[in-house]
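Asks: One structure coming up, written as C-alpha cells, with questions to follow.
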Amino acid sequence: MSPVNLFDFDLAALTLYCERLGEKRFRASQLFQWIHQRGAVEFTQMSDLALSLRSKLSGVANIAPLAPRSEQVSGDGTIKWLFDVGGGNAVETVFIPEPQRATLCVSTQAGCAVGCSFCATGHQGFSRNLTTGEIVSQLWYAEHALRKRLRRDARVVTNVVMMGMGEPLQNYTALVPALRVMLSDHAYGLSRRRVTVSTSGVVPMIDRLRNDLPVALAVSLHAPNDKLRDDLVPINKKYPLAELLGACKRYLSAAPRDFITFEYCMLDAVNDSLAHAHELVDLLQNAEATRIPCKFNLIPFNPFPGSGLRCSPRERVLQFAEVLTRAEFVTTVRKTRGADIDAACGQLAGEVQDRTRVSQRSVRMALPLRVYPMSSAKHNPTAPERQETPA
Ligand code: SAH
Ligand code: SF4
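Counting from 1, one number per residue, gives the positions in the sequence shown under the numbering used here.
This is how it looks when you write it as C-alpha cells:
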C-alpha cells in the first residue's frame, strides 16, 4: 500500500488518522506543527514524539511536498516557482513581496476548464485538479524556503490569494481542507481576511464557501453586462450576472470583510469604454436588485502570445477608474508585478497536458531570463507598492 501523504490532511483529518493508529488526539497537533510551522519532512526530526510513534508513522505515512523544478526572480523582487505535479503537468506559484505584506499567489488546478479568452491558463485547457496536499505544499515550500533564505524565524508569507492557475471553486473538495490548514493556529495561522479565494463565478460553490469557510472573496467580473461577459468569461452562460451578484450579496452576510472585491481586466476596445464604466456603476449601485458593497481592482491586461488582445492605454484605465471613484467605489489599479518573468496575473501557464480538447494553443517561449536551477536561487527583496489608486 502506498504511504499516506500527511500534506493531504487538515487538522481534523490528521486527528482521525492518529486515532486510527491508536494514538492520542493531541499527537495530531504536534505532528501538524512539526510539518507546517517547523518545516519538518522527516519523522526522525520530531524529537518530542515517542520513538515508537515515529517508527509506526514511517511505515505507513510520509511528508511529501511538491518539488520545485525552477525558480525565476523578477527585477521587482517577485519570485515564481514552477512545481512538477507529475504526468507532464507543472503549476506555478508566485511570491509578491511588498513593504507591508508578502503575498503568495497559489494554483489550484493544472490548467483551467473555464477558458476565459484573456487568460493564458484558460488557453491551455484543463488537465486535473490539484490535491489538498499539492495546494498546501506551495505555501509550505515558499514559507520555509524563504525563512531559510532570509534567516527569519517568524512568518514570511502574510497573505494568500487563490489567483494562480485554475478555478478554485471548481476544485472545492480539495480547496476547503487546504484553506483550513492555512487558517489553523497549529499551522500557518492566517486570518480569514488574509486568505482570498478568487472566482470566475461558480455560483453554487460561492454559497457553499459562505457556509463552510467564508474567507475573503474576489470575483472576476470583467464586463458590465451578460452579452460581453458571455464572451470573456464563458461560465457566465451558466451563471449569469444576476445570479452571480445574488450569490455575492448572500456571501457578504458571512464574509470576513464587508465588501466584495471585483476584478476587472482592462482590455483595449473590448470592455474599457466610459460607457462600460457607467454601465458598471448602474449595475452595482443604481439597480436595486444587484446593488452591492464592493471595491474594484482594475487589472491592466497582461499580454501573452496568441491572445489577440491588447491592454487598455494607461489614460483609459485612469479615466475608467475615475468614473468608478466618482460613484464612490473604492477603486485601485493593480500594479503589474513580475511581468519580466511572466508571473503577472493571467500569465501563469506552467505546463498542462490538456485533457479537454485538442486546441490550437499558444506556444509560449521560456524567457531567457534569470532562470535559476534550484540549488543557486537568488532572492531580491526590494519591491515597490503593488496597488496604486487613480489620480
Ligand atoms: N480562476 C480564478 C482565479 C485565477 S485568475 C479567477 O478567474 O478569478 C486570477 C485573476 O487574474 C482573475 O481576476 C483573472 O481574471 C485575472 N486574469 C486572468 N488573465 C489575465 C490577464 N491576461 N491579464 C490580467 N489579468 C488576468
Ligand atoms: Fe480559469 Fe480564472 Fe483563467 Fe478564467 S481567468 S481561465 S477562470 S484561471
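Using N, Cα and C, we set each Cβ at its ideal position, and we do this for glycine too.
Out of Asn225, Gln45, Lys80 and Leu213, which has the shortest C-alpha to C-alpha gap to Ser107?
Replies: Looking at the Cα atoms, Lys80 is the closest of the given residues.
Asks: Ignore the nearest five residues each way along the sequence and tell me which others in Gln360's own chain have a CB closer than 7 Å to its CB.
Replies: Since pLDDT at Gln360 reaches only 38, below the 50 mark, its modelled position is unreliable, and the value read off the structure follows with that caveat. Taken in chain order, the list of residues that qualify is empty.
Asks: Assign Gly306 to buried or exposed, taking buried as 16 or more other Cβ atoms, counted over all protein chains shown, within 10 Å of its Cβ.
Replies: Classification of Gly306: exposed, given that the 10 Å Cβ count is below 16.
Asks: Is the separation between the beta-carbon of Met182 and that of Val195 shorter than 8 Å?
Replies: Yes.
Asks: Are there 16 or more other CB atoms within 10 angstroms of the CB of Arg193, so buried, or fewer, so exposed?
Replies: Counting Cβ neighbours within 10 Å, Arg193 comes out exposed, since fewer than 16 surround it.
Asks: Sorry if obvious, but does the Cβ on Glu92 come closer than 7 Å to a heavy atom of ligand 2?
Replies: No, since every heavy atom of ligand 2 falls outside the 7 Å radius drawn around the Cβ of Glu92.
Asks: What first and last residue would you give for the alpha helix (DSSP H) that runs through Ala242?
Replies: Here the alpha helix (DSSP H) through Ala242 covers Leu241 to Leu252.
Asks: If you measure from the CB of Glu351, is any heavy atom of ligand 2 nearer than 7 Å?
Replies: No, the beta carbon of Glu351 sits no closer than 7 Å to any heavy atom of ligand 2.
Asks: Going straight from the alpha carbon of Met163 to that of Ile292, what length do you get?
Replies: Roughly 22 Å between the two C-alpha positions.
Asks: Can a CB atom of chain C be found closer than 8 Å to the CB of Asn225?
Replies: Considering every chain present, this structure includes no chain C. It has just one protein chain.
Asks: Would the region 85-97 count as touching the region 326-335 if we require 3 or more Cβ pairs under 8 Å?
Replies: The region 85-97 is not in contact with the region 326-335.
Asks: Quick check on this structure: which residue in Gln30, Arg250, Leu318 and Glu71 has the alpha carbon closest to the alpha carbon of Ala277?
Replies: Here the closest residue by C-alpha is Leu318.
Asks: Near Leu398, what residues of its chain come up, given a Cβ to Cβ distance below 7 Å and the 5 sequence neighbours on each side ignored?
Replies: Absent from the structure is residue 398, since the part of the chain shown begins at 1 and ends at 391.
Asks: Check each residue's C-beta against every heavy atom of ligand 2 and list, in chain order, those closer than 5 Å.
Replies: Qualifying residues come out as Cys112, Val114, Cys116, Cys119, Thr121, Gly122, Glu167 and Ser200.
Asks: When the Cα atoms are used, what is the spatial distance from Arg155 to Gln45?
Replies: Each residue's alpha carbon lies about 21 Å from the other.
Asks: Taking only heavy atoms of ligand 1 into account, decide whether any of them is closer than 7 Å to the Cβ of Phe392.
Replies: The structure shown does not extend to residue 392, since the chain is modelled only from 1 to 391, so the question has no answer here.
Asks: Which ranges would you report for the alpha helix (DSSP H) in the region 176-223 if only whole runs of at least 4 residues count?
Replies: Listed in chain order, they are 203-212.
Asks: Near Arg25, what residues of its chain come up, given a Cβ to Cβ distance below 7 Å and the 5 sequence neighbours on each side ignored?
Replies: Closer than 7 Å at the Cβ level, and outside the excluded window around Arg25, lie Thr15, Cys18 and Glu19.
Asks: Using three-state DSSP, classify Ile299 as helix, strand or coil.
Replies: Reduced to three states, the DSSP call for Ile299 is strand.
Asks: Pick out whichever of Ala28, Met1, Glu23 and Leu21 has its Cα sitting closest to the Cα of Phe9.
Replies: Ranking Ala28, Met1, Glu23 and Leu21 by Cα distance to Phe9 puts Ala28 first.
Asks: Got a sec: does ligand 1 put a non-hydrogen atom nearer than 7 Å to the Cβ of Met182?
Replies: Met182: no, Cβ never under 7 Å from ligand 1.
Asks: If we ignore side chains and look at the alpha-carbon of each, how far apart do Thr132 and Val94 end up?
Replies: The straight-line gap from Cα to Cα measures roughly 18 Å.
Asks: Looking at the structure shown, is Glu167 part of a helix, part of a strand, or coil, going by DSSP?
Replies: In the structure shown, Glu167 sits in coil (DSSP, three-state: anything other than H, G, I, E or B).
Asks: From Asn62 to Phe304, what distance separates their C-alpha atoms?
Replies: Straight-line Cα distance between these residues: approximately 39 Å.
Asks: Between Arg337 and Thr78, which are expected to be in contact by the criterion C-beta below 8 Å, what is the C-beta distance as a whole number of angstroms?
Replies: Between Thr78 and Arg337 the Cβ distance is about 5 Å, and since that is below 8 Å, they are a contact.
Asks: Three-state secondary structure (DSSP) at Phe95?
Replies: Of the three classes helix, strand and coil, the one that applies to Phe95 here is strand, per DSSP.
Asks: Flag this pair as touching only if the region 107-121 and the region 39-57 have three or more C-beta atom pairs under 8 Å; answer yes or no.
Replies: Contact fails: fewer than three Cβ-Cβ distances are below 8 Å.
Asks: State the CB to CB distance for the pair Arg210 and Arg257, rounded to an integer number of angstroms; the pair is presumed to be in contact (CB under 8 Å).
Replies: At roughly 13 Å, the Cβ-Cβ gap does not stay under 8 Å, so Arg210 and Arg257 are not in contact.
Asks: Keeping to the same chain, check which residues put their C-beta closer than 8 Å to that of Pro368; ignore five residues upstream and five downstream.
Replies: With a pLDDT of 24 at Pro368, under the threshold of 50, the modelled position of that residue is not reliable, and no figure is offered here.
Asks: Assuming Asp230 and Ser117 are in contact, meaning their beta carbons sit under 8 Å apart, how far apart are those beta carbons, in whole angstroms?
Replies: Asp230 to Ser117, Cβ: 11 Å. No contact.
Asks: Is any heavy atom in ligand 1 found nearer than 7 Å to the beta carbon of Ile235?
Replies: Outside the cutoff, so no.
Asks: So does Ile35 have its beta carbon nearer than 7 Å to some heavy atom of ligand 1?
Replies: Flag unset: Cβ of Ile35 not near ligand 1.
Asks: Relative to the C-alpha of Pro313, which residue among Val333, Gln138, Leu130 and Thr261 is closest?
Replies: Residue Val333 is the option with its Cα nearest to Pro313.
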